[in-house]
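A.B. asks: Below: one structure in C-alpha cells.
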Amino acid sequence: AQKVTQAQTEISVVEKEDVTLDCVYETRDTTYYLFWYKQPPSGELVFLIRRNSFDEQNEISGRYSWNFQKSTSSFNFTITASQVVDSAVYFCALSSQGDSWGKLQFGAGTQVVVTP
Amino acid sequence: GAGVSQSPSNKVTEKGKDVELRCDPISGHTALYWYRQSLGQGLEFLIYFQGNSAPDKSGLPSDRFSAERTGGSVSTLTIQRTQQEDSAVYLCASSERGLAGGDEQFFGPGTRLTVL
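Sequences listed follow chains A and B, in order.
The first sequence begins at 225 in the working numbering and counts up by one.
The second sequence begins at 105 in the working numbering and counts up by one.
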C-alpha cells in the first residue's frame, strides 16, 4: 500500500530562517512521482515541486530546494530565508504506477508558521 | 487562463438530504479528480476520471457517493442521504493527461459542506 508520512505537525520559525519539512513514503512500485503542495490560509492547494523515482538529482528552485533519497524513502523540502507569505500547510504526496496513477496519496501535512 | 472552479463554495444541508457538488476543470484537461479534506482524515482521494470514464472509484466511502463527468468536462459529485460525517471540504482537481503520471494537478477552491 502507498503511504506518506509527515511526522512534523507544526514548525514555527522567525522570518529569514530556513525551514526543512520531512517526508517519508512507502510504495512497492518502482515508478512513482513525489510532489510537494502548499495550502495557504485561503485554502487552495498550490503545486510546488515534483520529482520522479528515476531522478535523484536534488535541485534548487528559487528559495525552494528538495532532497530526494530513495535509500531512505525520503523526500524532504527546504524553504530558504523564509518569509511571512510562506506560512501555510505543506503537503507531501505520492503518485504511483501501480495505483492507477490516478490519485495523489497525501501526507497529513505540516503547518509552517513564519513570524516577522 | 481560468483555473478549476467549483460550486457552490459553501453548502449547508440537513441530515438525510441529497447534495450535488459541481466542478469545472481547466479547459482541455482530460483528467479530473475529487478529494475530500476533513480535520480527522486529512486529504482523501475519492474518484478519478479519465475523459468520461472513471478508472478509479476506490476512494468513494460508501454507495451514497457517486460522481459523473459529461462531455469530458464538467463533473458532479452527488452525496445521497447525507450524514454528519460527510461534513468536509470537497476539492476538485484537473490535470492535462493523468494516465501518463507525474502530471501536476490543479486544484479548485473547494466546496465546504456542512451537514446539520
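All residues carry an ideal CB built from backbone N, CA and C; glycine is no exception.
Could you tell me whether the Cβ atoms of residue 107/B and residue 134/B are closer together than 7 Å?
C.D. replies: no
A.B. asks: Identify every residue that forms a DSSP beta bridge with residue 319/A.
C.D. replies: For residue 319/A, the beta-bridge partners assigned by DSSP are 257/A.
A.B. asks: Assign residue 228/A to one of three DSSP states: helix, strand, or coil.
C.D. replies: When secondary structure is reduced to three states using DSSP, residue 228/A falls in the strand class.
A.B. asks: So, does the stretch 189 to 202 of chain B touch the stretch 135 to 143 of chain B, judging by three or more C-beta pairs under 8 Å?
C.D. replies: yes
A.B. asks: Please report how far the alpha carbon of residue 238/A lies from the alpha carbon of residue 335/A, in whole angstroms.
C.D. replies: 14 Å
A.B. asks: Following the continuous beta strand (DSSP E) through residue 148/B, name the residue where it begins and the one where it ends.
C.D. replies: 146 to 154
A.B. asks: Comparing alpha-carbon positions, which option in 290/A, 307/A, 332/A lies nearest residue 276/A?
C.D. replies: Proximity to residue 276/A across 290/A, 307/A, 332/A peaks at 290/A, based on C-alpha coordinates.
A.B. asks: How would you call residue 221/B, buried or exposed, if buried means at least 16 neighbouring beta carbons within 10 angstroms?
C.D. replies: There is simply no residue 221/B to check, as chain B begins at 105 and stops at 220 in what is shown.
A.B. asks: What residues in the stretch 255 to 274 of chain A bring their beta carbon closer than 9 Å to a beta carbon of chain B?
C.D. replies: 255, 256, 257, 259, 261, 263, 266, 267, 268, 269, 270, 271, 274
A.B. asks: In chain order, which beta strand (DSSP E) runs of at least 3 residues are fully inside the stretch 235 to 321 of chain A?
C.D. replies: 243 to 245, 248 to 250, 256 to 263, 270 to 276, 288 to 293, 298 to 303, 312 to 320
A.B. asks: For residue 244/A and residue 301/A, what's the separation of their Cα atoms in angstroms?
C.D. replies: 6 Å
A.B. asks: Check this for me: beta carbons of residue 193/B and residue 119/B, under 7 Å apart or not?
C.D. replies: Against a cut-off of 7 Å, the Cβ pair of residue 119/B and residue 193/B comes out as no contact.
A.B. asks: Sort 299/A, 284/A, 265/A by Cα distance to residue 230/A and report the nearest one.
C.D. replies: 299/A
A.B. asks: On a Cα-Cα basis, can you pick out the residue from 320/A, 321/A, 313/A that is closest to residue 333/A?
C.D. replies: Nearest option by C-alpha distance: 313/A.
A.B. asks: Touch check for the stretch 109 to 123 of chain B and the stretch 179 to 190 of chain B: three-plus C-beta pairs under 8 Å?
C.D. replies: At 8 Å Cβ cutoff, the stretches touch.
A.B. asks: Within 7 Å (strictly less), CB to CB, does residue 225/A reach chain B?
C.D. replies: no
A.B. asks: So residue 137/B contacts chain A; which residues on that side make the cut at Cβ distance below 9 Å?
C.D. replies: Listed by position along chain A, the residues whose Cβ is nearer than 9 Å to that of residue 137/B are 326, 327, 328.
A.B. asks: Just checking: is the beta-carbon of residue 276/A within a distance shorter than 7 Å of some beta-carbon in chain B?
C.D. replies: yes
A.B. asks: For residue 263/A, which residues from the same chain have a beta carbon less than 8 Å from its beta carbon, with the 5 sequence-adjacent residues on both sides left out?
C.D. replies: Once the five neighbours on either side are set aside, the close Cβ partners of residue 263/A are 269, 270, 312, 313, 314, 315, 333.
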